[in-house]
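K.L.:
These protein sequence lines map, in sequence, to chains B and R. Here the first sequence is numbered in my numbering, starting from 2 and rising by one per residue. Here the second sequence is numbered in my numbering, starting from 23 and rising by one per residue. Glycine included, C-beta positions come from ideal geometry on N, C-alpha and C. In this text the structure is predicted, and so the values were computed from the model without any measurement.
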Amino acid sequence: MADGGYRGYIVSRPVRGTHFPQRVQNLVVRDYAQRRKLPFRLSVTEYAMPGCTMMFAGALAELEGEGALDGIILFSLFVLPAQRERRLAAYERVLTRGKTMHAALENLVLARPADIRAWEDIIGVDAVLPAAPFGGRYEKTATPLGADPAALSSFTLK
Amino acid sequence: MSFFRDDEERLSAAFLEHGYVIAPAQDRAALDRIREFVVERAAAFLELPPPADPAAFLEGIGAHTGDAERLNQLRLAIIDGLTGAPWFREAYFACGRSVVEALVGNELAMQRGIGFSIQLPDDTSSVLPLHSDAWSEDSPFEVVLWIPLVDVAATQSMFILSRERDLAWRERMHEFGGQTVEELFAALAPEVEYLTVPYGHVLCFTHTLMHGNRVNAEAHARWSLNVRFKGLFTPYSDKKLGDFFDPITLRPASRIGIDYRLPAGFDG
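1. Hey, is L158 of chain B's beta-carbon within less than 9 Å of any beta-carbon in chain R?
2. Assign A105 of chain B to one of two classes, buried (16 or more other C-beta atoms within 10 Å of its C-beta) or exposed (fewer than that).
3. Where does S158 of chain R land, buried or exposed, given buried means 16+ other C-beta within 10 angstroms?
4. Cutting at 7 Å between CB atoms, please list the residues of its own chain near A52 of chain R, excluding the five before and the five after it.
5. Whose C-beta lies closer than 7 Å to the C-beta of P114 of chain B among residues of the same chain, with five residues either side of it excluded?
6. Going by other Cβ atoms of all chains shown within 10 Å of its Cβ, with 16 needed for buried, is S24 of chain R buried or exposed?
7. Taking the DSSP output, what are the residues bridged to Q133 of chain R?
8. Determine the direct distance from the alpha carbon of K261 of chain R to that of F267 of chain R, and round the result to whole angstroms.
9. If you run the structure through DSSP and keep just helix, strand and coil, what is V172 of chain R?
10. Roughly how many whole angstroms lie between the Cα atoms of A35 of chain R and L125 of chain R?
11. Check for me: the beta strand (DSSP E) holding M102 of chain B runs from which residue to which?
12. Buried or exposed for S38 of chain B, please, with buried defined as at least 16 other CB atoms from any protein chain shown within 10 angstroms of its CB.
13. Relative to the C-alpha of F255 of chain R, which residue among B:G137, B:K141 and B:T142 is closest?
14. Considering only residues of the same chain and omitting the five flanking positions on each side of E213 of chain R, which have a CB-CB separation below 7 Å?
15. Confirm, please, whether the CB-CB distance from P151 of chain R to A243 of chain R is below 9 Å.
16. Among B:L43, B:V45, B:P134 and B:L109, which one has its Cα closest to the Cα of I123 of chain B?
17. Counting only C-beta atoms, is P162 of chain R closer than 9 Å to chain B at any point?
18. Name the chain B residues that come within less than 7 Å of D188 of chain R, Cβ to Cβ?
19. Tell whether a beta-carbon distance below 9 Å holds between L171 of chain R and I44 of chain R.
20. Would you list, in sequence order, the uninterrupted alpha helix (DSSP H) runs of no fewer than 4 residues that lie entirely inside the segment 75-162 of chain R?
21. Using 8 Å as the cut-off, can you tell me whether the segment 188-207 of chain R makes contact with the segment 228-239 of chain R, which would need three or more C-beta pairs spanning the two stretches below that distance?
22. Note down, in chain order, every chain B residue with its Cβ under 8 Å from the Cβ of D268 of chain R.
23. Using 9 Å as the limit for Cβ to Cβ distance, is G136 of chain B near chain R?
24. Using 8 Å as the threshold, is the segment 28-35 of chain B in touch with the segment 63-73 of chain B, meaning 3 or more CB pairs across them?
25. Between which two residues does the beta strand (DSSP E) harbouring S246 of chain R extend?
26. Would V60 of chain R and I100 of chain R qualify as a contact pair, given that the criterion is a beta-carbon distance under 9 Å?
27. With a threshold of 16 other CB atoms inside 10 Å of the CB of H40 of chain R, please say whether the residue is buried or exposed.
28. Is there a Cβ from chain R that is less than 9 Å from the Cβ of D32 of chain B?
29. Out of curiosity, what's the CA-to-CA distance linking Y216 of chain R and K252 of chain R?
30. Which residue or residues does DSSP assign as beta-bridge partners of N235 of chain R?
31. Between B:G68, B:D32, B:Y92 and B:R36, which lies nearest to F57 of chain B when the distance is taken from Cα to Cα?
32. Measuring CA to CA, which of R:L70, R:S120 and R:N128 is closest to D29 of chain R?
33. Which bits of chain R does K38 of chain B rub up against, with CB to CB less than 7 Å?
34. Report the neighbours of E107 of chain B on chain R: residues whose CB is nearer than 7 Å to its CB, in chain order.
35. Under 9 Å between the Cβ atoms of V219 of chain R and L167 of chain R?
36. Quick check: is the beta carbon of R113 of chain B nearer than 9 Å to any beta carbon in chain R?
Below, the structure written as structure tokens:
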């Protein structure tokens, strides 16, 4: 029984290609709750299997009934289900019950239908960035064109 | 043949040569609104009556701020006020929209927070050492839209190396590997340019160039804001879309493209 408050939601999978230890994810979620003065409820941790959203479904179910949660604090926007239809269904479920969903790492709140577009724009653009120049990521461990300085200088705009 | 308008060509040429452009604020009313808001916040924080002369009030703020801690509290109060004002980001973008669009593109990501600086005369605690943002968490595809709330020049302003000199010093930088940034600055100091930016103008620069500020040796305080912009679909570094940037001008064709799925279910 949740008895109000905000359930943390962290994952056992990489987020945008980076594996964040669960302890670090929890720190981010707890800090977010503290800063926003949101009563925090212990995080649930999604299973590692790709595409699995069972724990998320459980957190959504806790938004209903007696002693229901006030909302969910995601570690990141990018722990939401990969399928857009499932995300939209989750937003609807949160909003129709007058609850809120938070993305701690991005410091974003979903509190009204108009917020959906902002969340989906970020997720949508991020999804196509791998098809953008340099795969959408400027790596600093090496030059983007590889280790050959000559290649880089020929690329530099004059 | 060029597909750019003449004004875009001029801006682009200046930006490629110098690494920055200074232009009149496109929406002066928006800039005045921002300054008015900052002045009101500052006066309220310091429990002073609204000043008759906003520029003089800001320039002479050192007479009212007291110690460094109080000054920092003032900074934070103004940042809180600006970030909490729902109109602020749109107004800020309006100040330099055409410049940013000409130099970066018209499908943009904008920094979600703001950089804000008050630099009192002779204040050694507000020095921003020589650096390039590309050396840390930023992508070289970003630009900074830097807007002063008072007239700034010389050490009251920021300094920057030209593109040509920045390239030359980057190639020599390894020679300073065992030394400090201050020693590097001392070596290249004769070549930096302190930018003169009158109130009512915006500065747009590439933060890939070495830049920073020194102790303000002028008579007046510097007040300035800075926000980064980048092409929405250009490479990000550690300041990512979502946590640091958000899309502000995602175009309809991109929305359709992002959502589009080819017909599926064929089994041939």
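P.N.:
In brief:
1. In the first sequence, the residue the question calls residue 158 of chain B occupies position 157. At L158 of chain B the pLDDT is 48, less than 50, meaning the model places this residue with poor confidence; the figure from the coordinates comes in the next sentence. The beta-carbon of L158 of chain B is placed less than 9 Å from the nearest beta-carbon of chain R.
2. As a position in the first sequence, residue 105 of chain B is number 104, starting the count at 1. Around the beta carbon of A105 of chain B, a 10 Å sphere encloses 16 or more other beta carbons of the protein chains shown; the residue is thus reported as buried.
3. Within the second sequence, the letter at position 136 stands for residue 158 of chain R. Per the 10 Å Cβ criterion, exposed.
4. Residue numbering aside, residue 52 of chain R sits at position 30 when the second sequence is read from its first letter. Counting only Cβ-Cβ distances below 7 Å, and skipping sequence neighbours, we find A113, A116 and C117.
5. Position 113 of the first sequence, counting from 1, holds the residue named residue 114 of chain B. Taking C-beta separations shorter than 7 Å and ignoring five residues to either side along the sequence, the partners of P114 of chain B in its chain run L96, following chain order.
6. Position 2 of the second sequence, counting from 1, holds the residue named residue 24 of chain R. Exposed, because fewer than 16 other Cβ atoms sit within 10 Å of the Cβ of S24 of chain R.
7. Against the second sequence, residue 133 of chain R aligns to sequence position 111. DSSP lists R:F267 as the beta-bridge partner residues of Q133 of chain R.
8. If you number the second sequence from 1, residue 267 of chain R lands on position 245. If you number the second sequence from 1, residue 261 of chain R lands on position 239. Those two C-alpha atoms are separated by around 7 Å.
9. By one-based count along the second sequence, residue 172 of chain R stands at place 150. In the three-state scheme derived from DSSP, where H, G and I count as helix and E and B as strand, V172 of chain R is classed as coil.
10. Here residue 35 of chain R refers to the residue found at position 13 when the second sequence is read from its first residue. Here residue 125 of chain R refers to the residue found at position 103 when the second sequence is read from its first residue. Near 10 Å, if we compare the C-alpha coordinates of L125 of chain R and A35 of chain R.
11. As a first step, residue 102 of chain B must be located in the first sequence, where it is residue number 101. Per DSSP, M102 of chain B belongs to the beta strand (DSSP E) from T101 to A104.
12. Within the first sequence, numbered from 1, the residue matching residue 38 of chain B stands at position 37. Residue identity check: residue 38 of chain B is Lys in the sequence provided, not Ser. K38 of chain B is exposed by the Cβ-count criterion.
13. Numbered from its first residue, the second sequence carries residue 255 of chain R at position 233. Looking at the Cα atoms, B:G137 is the closest of the given residues.
14. What you label residue 213 of chain R is simply residue 191 of the second sequence in a count that begins at 1. Correct list, in chain order: L183 and R187.
15. Residue numbering aside, residue 243 of chain R sits at position 221 when the second sequence is read from its first letter. Residue numbering aside, residue 151 of chain R sits at position 129 when the second sequence is read from its first letter. Result no, Cβ atoms of A243 of chain R and P151 of chain R do not sit closer than 9 Å.
16. Residue 123 of chain B sits at position 122 when you count from the first residue of the first sequence. Nearest of B:L43, B:V45, B:P134 and B:L109 to I123 of chain B, Cα basis: B:L109.
17. Against the second sequence, residue 162 of chain R aligns to sequence position 140. For P162 of chain R, the answer is yes, since a Cβ of chain B falls inside 9 Å of its Cβ.
18. Taking the first residue of the second sequence as 1, we reach residue 188 of chain R at position 166. Those within 7 Å of D188 of chain R in chain B number zero; the least Cβ separation is about 11 Å.
19. Counting from one through the second sequence, the residue named residue 171 of chain R turns up at place 149. Counting from one through the second sequence, the residue named residue 44 of chain R turns up at place 22. No, these two residues do not count as a Cβ contact at 9 Å.
20. Listed in chain order, they are 76-81, 84-87, 90-106 and 110-125.
21. Here the segment 188-207 of chain R lies against the segment 228-239 of chain R, with 3 or more beta-carbon pairs under 8 Å apart.
22. Here residue 268 of chain R is taken as the residue at index 246 of the second sequence, counted from 1. Under the 8 Å cutoff, chain B gives A119, D122 and I123.
23. Position 135 of the first sequence holds residue 136 of chain B. For G136 of chain B, the answer is yes, since a Cβ of chain R falls inside 9 Å of its Cβ.
24. The segment 28-35 of chain B is not in contact with the segment 63-73 of chain B.
25. Taking the second sequence and counting its residues from 1, the one referred to as residue 246 of chain R is at position 224. Counting along the chain, the beta strand (DSSP E) containing S246 of chain R begins and ends at R244 to G253.
26. Here the question's residue 60 of chain R lines up with position 38 in the second sequence. Here the question's residue 100 of chain R lines up with position 78 in the second sequence. For V60 of chain R and I100 of chain R, yes; Cβs fall inside 9 Å.
27. Locating residue 40 of chain R in the second sequence gives position 18, where the first residue counts as 1. It is buried - the Cβ of H40 of chain R has at least 16 other Cβ atoms within 10 Å.
28. Locating residue 32 of chain B in the first sequence gives position 31, counting from the first residue. D32 of chain B has a beta carbon lying at 9 Å or more from every beta carbon in chain R.
29. Looking up residue 216 of chain R in the second sequence gives position 194. Looking up residue 252 of chain R in the second sequence gives position 230. C-alpha separation (whole angstroms): 24 Å.
30. As a first step, residue 235 of chain R is located in the second sequence; it is residue number 213 there, counting from the start. According to the DSSP secondary-structure assignment, N235 of chain R is paired through a beta bridge with R:L150.
31. As a position in the first sequence, residue 57 of chain B is number 56, starting the count at 1. Ranking B:G68, B:D32, B:Y92 and B:R36 by Cα distance to F57 of chain B puts B:Y92 first.
32. By 1-based counting over the second sequence, the position of residue 29 of chain R is 7. When R:L70, R:S120 and R:N128 are compared, the shortest CA-CA separation from D29 of chain R is found for R:S120.
33. Walking along the first sequence from the start, residue 38 of chain B turns up at place 37. Those within 7 Å of K38 of chain B in chain R number zero; the least Cβ separation is about 15 Å.
34. Numbered from its first residue, the first sequence carries residue 107 of chain B at position 106. Per Cβ cutoff of 7 Å: G264 and D265.
35. Taking the first residue of the second sequence as position 1, residue 219 of chain R is located at position 197. Taking the first residue of the second sequence as position 1, residue 167 of chain R is located at position 145. Pairing V219 of chain R with L167 of chain R gives a Cβ-Cβ distance that is not under 9 Å.
36. Position 112 of the first sequence, counted from the start, is the residue given in the question as residue 113 of chain B. Answer no: the Cβ-Cβ gap between R113 of chain B and chain R never drops below 9 Å.
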